[in-house]
Amino acid sequence: MGLEDIYTQIIMEHNASGRNKHHIDSPNLVLKGVNPSCGDEITLELRVKDGKIEDASFTGVGCAISQASTSIMIDLIKGGTVEEAKEHIKTFMGMIRHEITDEKQLESLDEAVALKNISHMPARVKCAVLAWHTLENALAKKS
Amino acid sequence: MGLEDIYTQIIMEHNASGRNKHHIDSPNLVLKGVNPSCGDEITLELRVKDGKIEDASFTGVGCAISQASTSIMIDLIKGGTVEEAKEHIKTFMGMIRHEITDEKQLESLDEAVALKNISHMPARVKCAVLAWHTLENALAKKS
Amino acid sequence: MKRYKDDFPILQTTVNGHPLVYLDSAATAQKPNPVIDAVAAYYRETNANPHRGNYDLSVRATEAYEQSREVIRKFIGAEKSEEIIFTRNTTESFNLLAYSYGMNFIGKGDEIVISILEHHSNLIPWQQVAKAKGATLKYLYINNEGEIPDEEIENKITEKTKLVSITHVSNVLGSISPVEKIVKKAHSVGAVVALDCAQSIPHFEIDVKKLGVDFAAFSGHKMLAPMGIGVLYGREELLDKMPPFFTGGDMIEYVYEQDFTAAPLPQKFEAGTQNVGGAVGIAAAAHYIEKIGYENIIKTETELTKYALEKLSTVPYITIYGKKNSVGRCGVISFNIKDAHPHDVASIVDAGGVAIRSGHHCAQPLLRYLGLNATCRASFYFYNTFEDVDILVENLKSVRKWLGYGA
Amino acid sequence: MKRYKDDFPILQTTVNGHPLVYLDSAATAQKPNPVIDAVAAYYRETNANPHRGNYDLSVRATEAYEQSREVIRKFIGAEKSEEIIFTRNTTESFNLLAYSYGMNFIGKGDEIVISILEHHSNLIPWQQVAKAKGATLKYLYINNEGEIPDEEIENKITEKTKLVSITHVSNVLGSISPVEKIVKKAHSVGAVVALDCAQSIPHFEIDVKKLGVDFAAFSGHKMLAPMGIGVLYGREELLDKMPPFFTGGDMIEYVYEQDFTAAPLPQKFEAGTQNVGGAVGIAAAAHYIEKIGYENIIKTETELTKYALEKLSTVPYITIYGKKNSVGRCGVISFNIKDAHPHDVASIVDAGGVAIRSGHHCAQPLLRYLGLNATCRASFYFYNTFEDVDILVENLKSVRKWLGYGA
Ligand SMILES: Cc1ncc(COP(=O)(O)O)c(C=O)c1O
Ligand SMILES: Cc1ncc(COP(=O)(O)O)c(C=O)c1O
Chain A
1 MGLEDIYTQI IMEHNASGRN KHHIDSPNLV LKGVNPSCGD EITLELRVKD GKIEDASFTG
61 VGCAISQAST SIMIDLIKGG TVEEAKEHIK TFMGMIRHEI TDEKQLESLD EAVALKNISH
121 MPARVKCAVL AWHTLENALA KKS
Chain B
1 MGLEDIYTQI IMEHNASGRN KHHIDSPNLV LKGVNPSCGD EITLELRVKD GKIEDASFTG
61 VGCAISQAST SIMIDLIKGG TVEEAKEHIK TFMGMIRHEI TDEKQLESLD EAVALKNISH
121 MPARVKCAVL AWHTLENALA KKS
Chain C
1 MKRYKDDFPI LQTTVNGHPL VYLDSAATAQ KPNPVIDAVA AYYRETNANP HRGNYDLSVR
61 ATEAYEQSRE VIRKFIGAEK SEEIIFTRNT TESFNLLAYS YGMNFIGKGD EIVISILEHH
121 SNLIPWQQVA KAKGATLKYL YINNEGEIPD EEIENKITEK TKLVSITHVS NVLGSISPVE
181 KIVKKAHSVG AVVALDCAQS IPHFEIDVKK LGVDFAAFSG HKMLAPMGIG VLYGREELLD
241 KMPPFFTGGD MIEYVYEQDF TAAPLPQKFE AGTQNVGGAV GIAAAAHYIE KIGYENIIKT
301 ETELTKYALE KLSTVPYITI YGKKNSVGRC GVISFNIKDA HPHDVASIVD AGGVAIRSGH
361 HCAQPLLRYL GLNATCRASF YFYNTFEDVD ILVENLKSVR KWLGYGA
Chain D
1 MKRYKDDFPI LQTTVNGHPL VYLDSAATAQ KPNPVIDAVA AYYRETNANP HRGNYDLSVR
61 ATEAYEQSRE VIRKFIGAEK SEEIIFTRNT TESFNLLAYS YGMNFIGKGD EIVISILEHH
121 SNLIPWQQVA KAKGATLKYL YINNEGEIPD EEIENKITEK TKLVSITHVS NVLGSISPVE
181 KIVKKAHSVG AVVALDCAQS IPHFEIDVKK LGVDFAAFSG HKMLAPMGIG VLYGREELLD
241 KMPPFFTGGD MIEYVYEQDF TAAPLPQKFE AGTQNVGGAV GIAAAAHYIE KIGYENIIKT
301 ETELTKYALE KLSTVPYITI YGKKNSVGRC GVISFNIKDA HPHDVASIVD AGGVAIRSGH
361 HCAQPLLRYL GLNATCRASF YFYNTFEDVD ILVENLKSVR KWLGYGA
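Protein chains in written order, with this note's numbering: chain A, 1 to 143; chain B, 1 to 143; chain C, 1 to 407; chain D, 1 to 407.
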């Protein structure tokens, strides 16, 4: 396991770009997720209409892993349905826990597959899943 | 260090005889001494008049060492003066703490010299000194 | 009988020129090489402050600590690892329980029920709660066999009872408490049950789920682990509603100048740098016990106790306390020699290399109840042998002579 | 520079294929062979329950325990061994102090003064006391150099102040508190002073008498000893009037069904079976430190810190917190890399075998005060080398590249 398996090109770019890190217009689902042991804090903003995630973004502070993971997640869910987002969360968590290893099944996660190896850095798993947990809670609240 | 250096003839006899273990007539100085960690409890009874210990005895429960030590002490102080008793206490404590080793100096303790080796059984030192401590407190109270 | 002594380096040493015959395992057990080595290996290879670092070594220290928790969870049949709180010893476990549960969920007029068999550690903390809260501390008394009769359970545990805290095995008499009956009665009146497993877990399997207790406490050092590590088990639901006890590092989420929020279980109750070496030690001890097997431990101890009771009974001036039967004694035999104070007995047999305990065994109310000032106590563990018993009895037979009695 | 590494087996190991460069000694120190071996030897040769047995082995265990207390007494210049209470760690020491002293001798309207530098362990317990007792918790704030200025001491410690509890050395900034001034002012208003020596005693000599503090607390594990042992020093007069905290075995004289009497110091505060192995370990650690000599420790650490500060200063995107001077830093350097979160920094250098800490260092109020979310922290001990510093800096220089920034 080299560092390059964790700090990949994808992670680096998402962390540095800040593409999804801003506010959106009239969000109707806003939830803050925190990771007290790290001090990471992100706030997700979503505009959900008729079961579809029309727009999404985030703000907050955190390490490269949590920032990149959040940004990648937003790319993945924006424009899709709530149901699809829930499916993605399930697949992502399964991947992190090594319960889902089938490459085909993981394909749906797109760039998020870049976080597959995070379990080799147990101290950082919490950073990687923060956004996904927060989204899960937000969607659960909605329904 | 053999057991015979602690459980000597003198100790055995004093423990078994109970010669000084009774009440005395009109004691004017009665003090209880306890050793909570062992459960030993002795009560000294003294009749002191004009600086002289006219009579002395004890009652209570405890191990052979504490019973014998008490009985030996009573033999030593009975009939003597309070000042002599105080001197004996000092010598006895000095012997136990190995501060007094001079045989000549210890002669005054008579049979109590039998307890010289008790420091080889550190757990039992408290048993040996209980009576002497109690007497010390009693005489301090008196004056 | 299988020989386990060889795993225990201290049992190869001599005392006063005689091979050590260690018969005070109820006070603390000796440690086998695999336990001593596991702790040393932790400090040689894995040591770091757990939970606090992002680096490999700290992650491994955290894993060593959390895996130990998981080992203990399985060992006592708890459902979740969050239910296992590492403490220093049984005493700290009960103090945590008394301060965090007792002081907050027991009030004026409520009753706390313990038994007269209790060790001071499961007794004084409840005196303190009763006094502070205006509650009543009630005792279950024992019969002639040293056991808690059904009527005591029926009569003393009432609608007013909020907590029953009972020793599983008496450290003086070796008698086993009727946990099932106590749990049934206590739960029927809505009381919670805490079990003092300090003297049971070294000797037989504990399954907190099957026993149905709400809390359980024990010490590592009595089950072959190093000193300085103990356990409080609690049902998650109860631990969750209890406020933190110790505060400081690691048990927090956010800390502000005037306030803080607590971390979830089990960290909530584990403030400051924990004893990772100790946790590794207690896990190694649990593994060692599993390797020997409780069935072998029970078999060995039952044989030893039976043999010892038989031999001691042949000495006319020895009085044995508690039940006459060797079954359900957990290797504990309290006794006295006629005219001999237990302290003298212990000193005299010690000269022959035999280590037995004398005194009140941290159970003064029990001794007072039995009308005794002190007793001698020989306690066996699976590493003892028939020969140990022979040497004990032989040395006991010399006691009265040393004290100046005929025989 | 003398090479001390060879005594520390863990410093011979590798991490991720690189030799371990351990720079988190402020979290916990690594253990030298003499300490690891002393503890193992205790369990192999001397183990028994202390204070409870009359037999030789128990006497020897008691002696091992009490001699360790005596070693620590001398080590910190206390007058009497009764003033040394063994605890689990600094956190327990402060909780004992807060529960037994704070809850009983601090009342409504009284003031407790701590500093913004405090570790959570010397902070949350006082929040609890203030809340329970209606007292006020006040903070001494720091200047740009990370130090407590005289005005803060003069203004915040008032006639209302009952207790001042201060860290001797900051675990984030390494700054040393002006203990002399604090003690003088506190005593002039009749307040007692508690000193958190967790970060000072590993690095320089503590003499509680000369310092004039009333209480002092520290952890064994930060001064080369195993985990699970710590110390609370208290002046006898104060400890004497404090009520017991933990209750149970060994801290009693007489126990009745509804009441008990406490043992004298130090047993009064040491309930249950104590961690004798840990006590032996902390005494061995104190001996080891004495053998090395604090003057050598200071010399080595000052050189290392100076070298590290110099090298780190040459990297333009690294910001160092606290005073710029290497003197009085006790080997602690907190810093950040531009655009890089400390967690990423720690992970990235860990891949090169370098163990540094990242986060809030159990000092959230301090970090908030400094306007920081988290920092990296490299902390040195005398066993570190110039080479360790070189490897750290080299690895730090690669961080920004790994995170996608030019350099
Ligand atoms: C200044 C300071 N105080 C207190 C503590 C708490 O020590 P422990 O975790 O050993 O209780 C620490 C270390 O964690 C510290 O650095
Ligand atoms: C039944 C029982 N409970 C509690 C304890 C206290 O255990 P510790 O001293 O390890 O806290 C003991 C042993 O001393 C015991 O035998």
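Quick reminder that beta carbons are idealized off the backbone N, C-alpha and C, glycines included.
A quick note: this is a predicted structure, and the numbers were derived from the prediction, not measured.
Cross-chain neighbours of residue i in chain B, by beta carbon under 7 Å
i: D:Tyr254; result: Pro36
Neighbouring residues, chain C, relative to residue i (Cβ below 9 Å)
i: A:Arg124; result: Asn54
i: D:Asp24; result: Ala48, Asn49, Arg52, Gly53, Tyr55, Leu57 and Ser58
Supposed close pair residue i, residue j - CB separation, criterion 8 Å
i: D:Gly331; j: D:Thr305; result: 6 Å
i: C:Ala61; j: C:Ala48; result: 4 Å
i: C:Tyr55; j: C:Pro202; result: Between C:Pro202 and C:Tyr55 the Cβ distance is about 37 Å, and since that is not below 8 Å, they are no contact.
i: D:Glu118; j: D:Thr167; result: 6 Å
i: D:Lys162; j: D:Phe105; result: 7 Å
i: C:Val389; j: C:Lys311; result: 6 Å
Proximity below 8 Å, CB of residue i to CB of residue j
i: C:Lys411; j: C:Glu236; result: One cannot answer for residue 411 of chain C here, as it falls past the ends of chain C, which runs 1 to 407.
i: B:Ala131; j: B:Thr70; result: yes
i: D:Arg377; j: D:Arg400; result: no
i: C:Ile282; j: C:Ile76; result: no
i: A:Pro27; j: A:Glu45; result: yes
i: C:Gln267; j: C:Asp240; result: no
i: D:Ile320; j: D:Ile337; result: no
i: C:Thr91; j: D:Ala271; result: yes
i: A:Ile100; j: A:Ser119; result: no
i: C:Phe386; j: C:Met103; result: no
i: D:Leu57; j: C:Leu57; result: no
i: C:His360; j: B:Cys63; result: no
i: D:Leu97; j: D:Pro365; result: no
i: D:Tyr222; j: D:Thr28; result: For the record, residue 222 of chain D in the displayed sequence is Lys; it is not Tyr. Yes, the Cβ-Cβ distance between D:Lys222 and D:Thr28 is below 8 Å.
i: D:Trp126; j: A:Tyr7; result: no
Residues that residue i contacts on chain D, provided the C-beta gap is smaller than 9 Å
i: C:Ser219; result: Gly272 and Thr273
i: C:Ile176; result: Under the 9 Å cutoff, chain D gives no residues; its nearest Cβ is about 21 Å from C:Ile176.
Proximity test, residue i beta-carbon vs ligand 1 heavy atom, cut-off 7 Å
i: D:Ser175; result: no
i: C:Asn415; result: Given that chain C is displayed from residue 1 to residue 407, the structure contains no residue 415 of chain C and the question cannot be resolved.
i: D:Ala284; result: no
i: D:Cys330; result: no
i: D:Cys362; result: yes
i: C:Gly249; result: yes
i: D:Ala26; result: yes
Under 8 Å by beta carbon: chain A residues contacting residue i
i: D:Tyr321; result: By Cβ distance, chain A contributes nothing, its closest Cβ being about 16 Å from D:Tyr321, past 8 Å.
i: D:Asn373; result: Gly39 and Val61
Proximal residues of chain C, C-beta to C-beta of residue i below 7 Å
i: B:Gly62; result: His341
i: B:Met12; result: Leu403 and Gly404
Proximal chain A residues relative to residue i, where beta-carbon distance stays under 9 Å
i: C:Val59; result: Met121, Pro122 and Ala123
Contact test: residue i Cβ vs ligand 2 heavy atom, cutoff 7 Å
i: C:Ser219; result: yes
i: C:Gln199; result: yes
i: C:Asp207; result: no
i: D:Ala263; result: no
Listed by chain order, chain D residues near residue i by CB distance under 8 Å
i: A:Asn28; result: What A:Asn28 touches in chain D: nothing, since even the nearest Cβ is about 29 Å away.
Under 8 Å from the C-beta of residue i: neighbouring residues of chain C
i: D:Tyr307; result: What D:Tyr307 touches in chain C: nothing, since even the nearest Cβ is about 22 Å away.
Listed by chain order, chain D residues near residue i by CB distance under 7 Å
i: A:Leu3; result: Ile348, Ala351 and Trp402
Does the stretch 84-96 of chain A come into contact with the stretch 105-112 of chain A, if we say contact requires no fewer than three beta-carbon pairs (one atom in each stretch) closer than 8 Å?
Contact holds: three or more Cβ-Cβ distances are below 8 Å.
Is it a yes or a no for the stretch 189-197 of chain C touching the stretch 209-216 of chain C, going by three-plus beta-carbon pairs under 8 Å? Yes: the two stretches touch, three or more of their Cβ pairs being nearer than 8 Å.
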